[in-house]
Amino acid sequence: MNSLLNIHNYDTYIISFSGGKDSTACFLWLLEQGVPLHKIELWHQNIDGDNGQFFDWEVTPDYCRKFAEAFGVKIYFQWKSGGFKRELLRNNSLTAPICFEASEGGINEVGGTRGKLSTRLKFPQQSPDLKVRWCSSYLKIDVCATSIRNQERFNNQRTLVISGERGEESPQRAKYKIFEADKSDARNSNKKRHVDRLRPIRDWKEQQIWDIIKRHRIRVHPCYYMGWNRCSCKFCIFSGRNQFASAAYISPEQIKDIIRLEKEFGCTINRKCDLTTLIQSGTIYSDITTKLARIALSHIYTLSIIMLDDEEWFLPAGAFGENCGST
Ligand code: SF4
851 MNSLLNIHNY DTYIISFSGG KDSTACFLWL LEQGVPLHKI ELWHQNIDGD
901 NGQFFDWEVT PDYCRKFAEA FGVKIYFQWK SGGFKRELLR NNSLTAPICF
951 EASEGGINEV GGTRGKLSTR LKFPQQSPDL KVRWCSSYLK IDVCATSIRN
1001 QERFNNQRTL VISGERGEES PQRAKYKIFE ADKSDARNSN KKRHVDRLRP
1051 IRDWKEQQIW DIIKRHRIRV HPCYYMGWNR CSCKFCIFSG RNQFASAAYI
1101 SPEQIKDIIR LEKEFGCTIN RKCDLTTLIQ SGTIYSDITT KLARIALSHI
1151 YTLSIIMLDD EEWFLPAGAF GENCGST
């Protein structure tokens, strides 16, 4: 860990929490450092925002909410107004405002009134370049930074944002700094908003992730038990053929909408073939059951986050499986 970092020297700790195994590991790691729970906040950037269900897992927001409840920590949601679909359908228009839950209650909305008129009408491209892989920047990174910048409570204090990128996932991620000033930092301005970014698990192997999850007896997001190795968007643009075939199998109506749009745009998500061809060439994960699919596609998560005393923790089917996710 970076010698400049004193982990106990912050007023607030924000975990960028997707509900997946890596952000779960970050939270558990922070607990093991002895950081008090009242200083920790989980922040979840909701990909579909306030626009129904289009791209992400139905259960993810409530899984995150129940996770926070299980540990007695605060959770705040942020999103781009209209979510993934509105940005995808942007046609000679401004990008939408960013919305975030405020600590004092209520929802604040910022932006969406200035900037360039622009057209997307194509899915994000599979690229490390965030300009064309716009989902990561527009729906997650900018949403998080803007939500910090626009809350006075972060001025005149020290905040540590913790995120779970791992070098094992891609060469790009391996080059990310473990510790640096966050995008939202303004420590030298009159706001004195000191925000650092920590990636404590950048050099961890997947085995270490499952080890810490096992140690704390966490029941992970249901997608892992069905065979997914990463808990990204249900229809993540980086999904391979098996993952897309599995997602199409459990959400047949949603995939029709995505296939229709891909055709309309005349630009495929996968560089080599269209979505229908990709799905037909894939194999559906054999661990998908009706029960697991129902849990993953529900808006309410009812299982315990921490395994019950009479339950044995077990490695989910997706552990050490296909690594399909953002670069
Ligand atoms: S999980 Fe995939 S589709 Fe979703 S925002 Fe990240 S890169 Fe984009």
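Per the numbering used here: the sequence shown = residues 851 to 1177. Ideal placement from N, C-alpha and C gives every residue a C-beta, glycine not left out.
For W929 versus G962, is the C-beta spacing smaller than 7 Å? Residue mapping note: residue 929 aligns to position 79 of the sequence shown, counting from 1. Residue mapping note: residue 962 aligns to position 112 of the sequence shown, counting from 1. No, the pair does not count as a contact, with Cβ atoms beyond the cut-off.
Please report the straight-line C-alpha distance between I1100 and I1145, rounded to a whole angstrom. Taking the first residue of the sequence shown as position 1, residue 1100 is located at position 250. Taking the first residue of the sequence shown as position 1, residue 1145 is located at position 295. Their backbone Cα atoms lie some 11 Å apart in a straight line.
For N815, which residues from the same chain have a beta carbon less than 6 Å from its beta carbon, with the 5 sequence-adjacent residues on both sides left out? The chain is shown only over 851 to 1177; residue 815 falls outside these bounds and no answer can be derived.
Return the chain-ordered list of same chain residues with a C-beta closer than 8 Å to the C-beta of S1154, the five sequence neighbours on each side being excluded. Numbered from its first residue, the sequence shown carries residue 1154 at position 304. Within the same chain, S1154 has close Cβ partners A920 and R1069.
Would you decide whether Q895 is buried or exposed? Buried here means 16 or more other CB atoms lie within 10 Å of its CB. One-based indexing of the sequence shown puts residue 895 at position 45. The residue in question, Q895, is buried, as its Cβ has 16 or more Cβ neighbours within 10 Å.
What is the residue span of the beta strand (DSSP E) that L1048 lies within? Here residue 1048 refers to the residue found at position 198 when the sequence shown is read from its first residue. Counting along the chain, the beta strand (DSSP E) containing L1048 begins and ends at R1043 to L1048.
Beta strand (DSSP E) segment containing S866, residue limits: As a first step, residue 866 must be located in the sequence shown, where it is residue number 16. From DSSP, the beta strand (DSSP E) with S866 extends over T862 to S866.
Hey, is I1087 close to the ligand SF4, as in C-beta under 6 Å from one of its heavy atoms? On the sequence shown, residue 1087 is found 237 positions in, with the first residue counted as 1. For I1087, the shortest separation between its Cβ and any heavy atom of the ligand SF4 lies below 6 Å.
Under three-state DSSP, which class holds K871? Along the sequence shown, read from residue 1 onward, the residue named residue 871 stands at position 21. The answer is helix: DSSP assigns K871 an H, G or I state.
Does any heavy atom of the ligand SF4 sit closer than 6 Å to the C-beta of C1117? Counted from its first residue, the sequence shown places residue 1117 at position 267. It does not: the Cβ of C1117 is nowhere closer than 6 Å to a heavy atom of the ligand SF4.
Secondary structure of Y926, DSSP reduced to three states: As a working mapping, residue 926 is identified with position 76 in the sequence shown. Per DSSP, reduced to three states, the secondary structure at Y926 is strand.
From the DSSP output, in three-state form, read off R1069 for me. Taking the sequence shown and counting its residues from 1, one reaches residue 1069 at position 219. Three-state DSSP puts R1069 in coil, outside helix and strand.
Report all residues from its chain with a CB closer than 6 Å to the CB of D1137; omit the five preceding and five following residues, and keep chain order. Your numbering for residue 1137 matches position 287 in the sequence shown. Answer for D1137: M1076, G1077 and A1167, listed in chain order.
If I measure Cβ to Cβ from S977 and keep anything under 7 Å in the same chain, skipping five residues before and after, which residues do I get? Your numbering for residue 977 matches position 127 in the sequence shown. Close CB contacts of S977 within its chain, under the 7 Å cut and outside five residues either way in sequence, are with R983 (chain order).
Run through DSSP, which three-state label would S1096 get? Taking the sequence shown and counting its residues from 1, one reaches residue 1096 at position 246. In this structure, S1096 counts as helix in the three-state DSSP scheme.
Could you name the residues that DSSP lists as bridge partners for W984? Along the sequence shown, one-based indexing puts residue 984 at 134. DSSP, once it has assigned bridges, lists no residue as partnering W984.
By the three-class DSSP mapping on this structure, what secondary structure does R1052 have? Position 202 of the sequence shown holds residue 1052. Here R1052 sits in coil by DSSP.
To the nearest angstrom, report how far apart F1164 and H1149 are at their CA atoms. Mapped onto the sequence shown, residue 1164 falls at position 314. Mapped onto the sequence shown, residue 1149 falls at position 299. Taking the straight line from one Cα to the other gives about 25 Å.
C-alpha distance - L1048 paired with F1094, whole-angstrom precision: To locate residue 1048, count along the sequence shown from 1; it is residue 198. To locate residue 1094, count along the sequence shown from 1; it is residue 244. Roughly 32 Å between the two C-alpha positions.
CB-CB length for H1071 against C1081, believed under 8 Å: As a first step, residue 1071 must be located in the sequence shown, where it is residue number 221. As a first step, residue 1081 must be located in the sequence shown, where it is residue number 231. Your pair H1071 and C1081 checks out as a contact, with CB atoms roughly 5 Å apart and the cut at 8 Å.
Sort G922, E954 and G965 by Cα distance to N942 and report the nearest one. Within the sequence shown, the letter at position 92 stands for residue 942. Comparing Cα-Cα distances from N942 to each of G922, E954 and G965, the minimum goes to G965.
The ligand SF4 heavy atom lying under 6 Å from the CB of C985: On the sequence shown, position 135 is the one that residue 985 refers to. C985: yes, Cβ under 6 Å from the ligand SF4.
Can you tell me whether C1083 sits near the ligand SF4, meaning its C-beta is under 6 Å from at least one heavy atom of the ligand? To locate residue 1083, count along the sequence shown from 1; it is residue 233. Because some heavy atom of the ligand SF4 lies under 6 Å away, the Cβ of C1083 counts as near it: yes.
Note the first and the last residue of the continuous alpha helix (DSSP H) segment covering Q1022. Walking along the sequence shown from the start, residue 1022 turns up at place 172. Where Q1022 is concerned, the enclosing alpha helix (DSSP H) stretches over P1021 to A1024.
Nearest residue (CA-CA) to N859, options G1132, F877, N901 and D1046: Here residue 859 corresponds to residue number 9 of the sequence shown, with the count starting at 1. Nearest option by C-alpha distance: D1046.
I1087 and F973 - do their beta-carbons sit closer together than 7 Å? Against the sequence shown, residue 973 aligns to sequence position 123. Against the sequence shown, residue 1087 aligns to sequence position 237. In this structure, I1087 lies closer than 7 Å to F973 by Cβ.
With H, G and I counted as helix, E and B as strand and the rest as coil, what does DSSP make of W893? Stepping through the sequence shown from its first residue, residue 893 is reached at position 43. Strand, per DSSP.
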